[in-house]
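Residue 115 in our numbering sits at position 115 of the sequence shown, with consecutive numbering throughout. Here's the structure we're looking at; comments come further down.
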Amino acid sequence: GHFGNWELMLMSGKMFGLPINIVYRPMDFKPLEAFIVRFRTRFGARLIPKKKGIRKILDRLSQGELVGILLDQNVARREGVFAPFFNMPACTNTGMALLALKTGAPVVPMFLVREEKYQYRTIILPPLPLVNTGNKNRDVEANTAIYNQAIEDMVRQYPDQWFWVHRRWNTKPLPATGI
Numbered sequence: 001g002h003f004g005n006w007e008l009m010l011m012s013g014k015m016f017g018l019p020i021n022i023v024y025r026p027m028d029f030k031p032l033e034a035f036i037v038r039f040r041t042r043f044g045a046r047l048i049p050k051k052k053g054i055r056k057i058l059d060r061l062s063q064g065e066l067v068g069i070l071l072d073q074n075v076a077r078r079e080g081v082f083a084p085f086f087n088m089p090a091c092t093n094t095g096m097a098l099l100a101l102k103t104g105a106p107v108v109p110m111f112l113v114r115e116e117k118y119q120y121r122t123i124i125l126p127p128l129p130l131v132n133t134g135n136k137n138r139d140v141e142a143n144t145a146i147y148n149q150a151i152e153d154m155v156r157q158y159p160d161q162w163f164w165v166h167r168r169w170n171t172k173p174l175p176a177t178g179i
């Protein structure tokens, strides 16, 4: 998630000698986009635009590379499922769950926590369990709920470090029809 200094996390690939790829949404304002791309790639990270990036993501995963995805933003209904986040249904992107189910790639939460001025600690949690019962829709919902819970747990520990400027609960579930 957008937690601690997630931008510094881009250096972790270089520090650990691992290629790191980041899925991102390009900025609409092109001068800012150019700055962000330069900043994010200067330590060797490769950027994969969110739209039309699935082939690159699958290719990089098949080569054993890391792919970073931030999952704490609201998405449209067609892109997500509703999974609990702070006891409220949050429309969350299904991409990570679909990738994990398709490739078997582990989902390993990583956070960069600010300790003191100019000092950070990387927290790498154990791989999250993969629910794979064969019911794709339910598995995606269950795995997405697990991912949201991992982010929520970290936000509860360090609430001042979650960069919450997004309208996380903007997309609402459709009202139940009772049918």
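Just so you know, even glycine gets a beta-carbon here, dropped at the ideal spot from N, CA and C.
Please say whether residue j and residue i have beta carbons closer to each other than 8 Å?
i: Thr144; j: Val75; result: no
i: Asn5; j: Arg114; result: yes
i: Ile69; j: Met96; result: yes
i: Thr92; j: Leu71; result: yes
i: Lys152; j: Phe85; result: The identity of residue 152 in the sequence shown is Glu, whereas the question assumes Lys. Against a cut-off of 8 Å, the Cβ pair of Phe85 and Glu152 comes out as a contact.
i: Phe43; j: Lys14; result: yes
Alpha carbon to alpha carbon, how far is residue j from residue i? Give it in angstroms, no decimals.
i: Glu79; j: Thr94; result: 7 Å
i: Phe39; j: Glu33; result: 10 Å
i: Leu128; j: Met27; result: 31 Å
i: Gln161; j: Gly104; result: 30 Å
i: Gly64; j: Ser12; result: 16 Å
i: Pro49; j: Phe3; result: 20 Å
i: Pro173; j: Ile57; result: 29 Å
i: Tyr120; j: Met9; result: 10 Å
Kindly indicate which residue of the options has the alpha-carbon position closest to the one of residue i.
i: Lys51; options: Ala97, Val23, Leu98 and Glu7; result: Val23
i: Thr98; options: Glu116, Ile123 and Asn132; result: As written in the sequence, residue 98 is Leu, which differs from the Thr given in the question. Measuring from the Cα of Leu98, the nearest candidate turns out to be Asn132.
i: Ala150; options: Gly53, Phe111 and His166; result: Phe111
i: Phe16; options: Lys102, Met88 and Leu66; result: Leu66
i: Glu141; options: Ile124, Val81, Pro106 and Phe86; result: Val81
i: Trp169; options: Gln119, Asn148, Gly44 and Ile48; result: Asn148
i: Leu101; options: Pro49, Leu8 and Asp139; result: Asp139
i: Leu125; options: Val108, Lys30 and Asn135; result: Val108
i: Pro175; options: Ile123, Asn135, Pro89 and Asn137; result: Pro89
i: Ile123; options: Val165, Gln73, Lys136 and Val155; result: Val155
i: Arg167; options: Gln157, Gln73, Leu18 and Arg46; result: Gln73
Give the secondary structure of residue i by DSSP, where H, G and I count as helix, E and B as strand, and everything else as coil.
i: Leu61; result: helix
i: Tyr158; result: coil
i: Ala105; result: coil
i: Ala142; result: helix
i: Ala97; result: helix
i: Phe183; result: Residue 183 is absent from the model: the chain starts at 1 and stops at 179.
i: Asn137; result: helix
Pull up the DSSP beta-bridge partners for residue i, would you.
i: Thr122; result: Leu112
i: Gly68; result: Ile22
i: Met88; result: Phe85
With a threshold of 7 Å, establish whether the CB of residue i neighbours any heavy atom of the ligand MN.
i: Phe29; result: Ligands are entirely absent from the displayed structure, and the ligand MN is therefore not among its contents.
Would you say residue i faces chain C, with C-beta separation under 8 Å as the test?
i: Trp6; result: Of the chains in the structure shown, none is chain C; there is only one protein chain.
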